[in-house]
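In this note's numbering, the protein residues as written are 77 to 378. Ideal Cβ positions, reconstructed from N, Cα and C, are used throughout, including at glycine. All of these numbers come straight from a predicted model, not from anything done at the bench. One structure below.
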């Protein structure tokens, strides 16, 4: 027993003094960021589905001979609540709240240096860049903002942060949530005015963006974008990691294709074919990078 304790102490000391790396190469954490995760996707789908069910309950209530205002209003307010919950799991949510906090601090403490806060914001935006279509434009603007923050030109910083906020959007997630929220709010206004037919029509329209999140391809395509962009970024750094991201992208795009709408089915099929072709040309840098660019371009068109 004493021998075992001594052996354990020796082994423990060895690991403390000479830490063993899990892999023979170091992994740059910048490339292994979270971005959009499968857990976020699950939560968005859960809340979108709950909102969808409440919209259908409201639609059913509006179809009765006697419409009960309180009941129908409760359904619609519940749907808006769950969409607000879904919005918090969007990759852009934290970024937008950070921008809001920096602007408020500038308002109350205009003489402070916010360079470090903006650098932190830069990291968070870079983490979700795979799903931002205009990331190059966003990045250039943020760099200018940081340079001005160093000189404490905070009025300029606050003004440009407002512009930055308007440019940051994950269209496959944020757009359908915002569209559904707007249409449900319109349905509520029509309900208050006693215009039940118009209220029902608004709810019919709200179902389309809700279904795109609850049971169509949007979230799977967003995940595929996340993974393929990471694969592209890590290609020069480590091809083993890059290929793992390619595998994850293929799994996500296969799911997207299985549930895809008619308007996107052809494009998603092309994306799937190109992702499948990537491992076969991975040793040819020029061809691989060209194929990455093609895939990213196709995904951005969805």
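query	result
Proximity of residue 137 and residue 143 at Cβ, strictly below 8 Å	yes
Residue 193, DSSP secondary structure in three states	helix
Distance between beta carbons of residue 247 and residue 214, contact taken as under 8 Å	About 13 Å; that fails the 8 Å criterion.
Residue 158 classed as buried or exposed, judged by whether at least 16 other C-beta atoms fall within 10 angstroms	buried
Proximity below 8 Å, CB of residue 218 to CB of residue 198	yes
First and last residue of the uninterrupted alpha helix (DSSP H) at residue 372	361 to 376
Exposure label - residue 268; buried when at least 16 CB within 10 Å	exposed
Member of 210, 341 and 177 whose CA lies at the smallest distance from the CA of residue 378	341
Any C-beta of chain D under 8 Å from that of residue 167	Here there is only one protein chain, and chain D is not present.
Sub-8 Å separation of residue 283 and residue 289 beta-carbons	no
Local Cβ density within 10 Å of residue 124, reported as buried at 16 or more and exposed below that	buried
Simplified DSSP assignment, three categories, for residue 217	helix
CA-to-CA distance, residue 346 to residue 315, given in whole angstroms	23 Å
CB contact flag (residue 245, residue 168, <8 Å)	yes
Unbroken alpha helix (DSSP H) run spanning residue 252, endpoints	250 to 268
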